Amino acid sequence: MHGQDEVLKERIETCKRWQLTKKPKAFLQLPHLVAISDSNNDTIMECLTLERTELNIQNKTSAYMFLFRGHHGTAKRNLTFFASQISAPDNFEFYTEEDPTTKSIVTIPYWNGINCFVADGPYHNGEQCMLFVSKGIEDEVPGECVEQFEDICGVAVPNYSRELCAD
Numbered sequence: 035m036h037g038q039d040e041v042l043k044e045r046i047e048t049c050k051r052w053q054l055t056k057k058p059k060a061f062l063q064l065p066h067l068v069a070i071s072d073s074n075n076d077t078i079m080e081c082l083t084l085e086r087t088e089l090n091i092q093n094k095t096s097a098y099m100f101l102f103r104g105h106h107g108t109a110k111r112n113l114t115f116f117a118s119q120i121s122a123p124d125n126f127e128f129y130t131e132e133d134p135t136t137k138s139i140v141t142i143p144y145w146n147g148i149n150c151f152v153a154d155g156p157y158h159n160g161e162q163c164m165l166f167v168s169k170g171i172e173d174e175v176p177g178e179c180v181e182q183f184e185d186i187c188g189v190a191v192p193n194y195s196r197e198l199c200a201d
């Protein structure tokens, strides 16, 4: 338990240094994420994991490697997303390494302040409303996170498949 306390303390200190509003802290504060569900169930996001590769506290920017697993005929690939804080509350701007000139805004309509959040924004030819959790809790997603995702995104959360998403 001591290790988890230290991790939480480090995350709180990171947020203070970033001086962010509550919700955008979620995306920038959590270094390892798993996508549990998205609103259009197109399976491209199935078993998606994210690993933070860069964090610049002074510039309030970060980079995440999105690790697409390639299930159901989709391509297996890695793609870097770059995120930065913007002045609008509960939003951040992002672009991908594929197209650094196209910048999009993502909203964080919900974050439980600990280990899950809902992100809503454009990606892959449409809007994606997604539930993300800290890596390690994907088998036991807090009920409030599931409820918030379903209320905000308008779809039910399928059960996370340990077998399908095995490392």
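Terminal number for the sequence shown in this note's numbering: 201, no gaps in between.
Even for Gly, the Cβ is constructed at its ideal location relative to N, Cα and C.
Remember, it's a predicted structure, so these values are computed and weren't measured experimentally.
Just verifying my parser: in three-state terms, what is the DSSP assignment at residue i?
i	result
residue 92	coil
residue 181	helix
Just checking my contact of residue i with residue j at CB under 8 Å: how many whole Å lie between their CB atoms?
i	j	result
residue 95	residue 118	4 Å
residue 73	residue 192	At roughly 12 Å, the Cβ-Cβ gap does not stay under 8 Å, so residue 73 and residue 192 are not in contact.
residue 143	residue 186	5 Å
Tell me residue i's beta-bridge partners as DSSP assigns them.
i	result
residue 167	68 and 150
residue 83	68 and 101
residue 161	156
Run through the stretch 100-155 for me and flag every whole beta strand (DSSP E) of 3 or more residues, listed as ranges in chain order. Scanning the stretch 100-155 from its first residue to its last, the whole beta strand (DSSP E) runs of 3-plus residues come out as 111-119, 125-130 and 133-145.
Between the stretch 164-171 and the stretch 139-156, do at least 3 Cβ pairs fall closer than 8 Å? Between the stretch 164-171 and the stretch 139-156 there are three or more inter-stretch CB-CB distances shorter than 8 Å, so the stretches are counted as touching.
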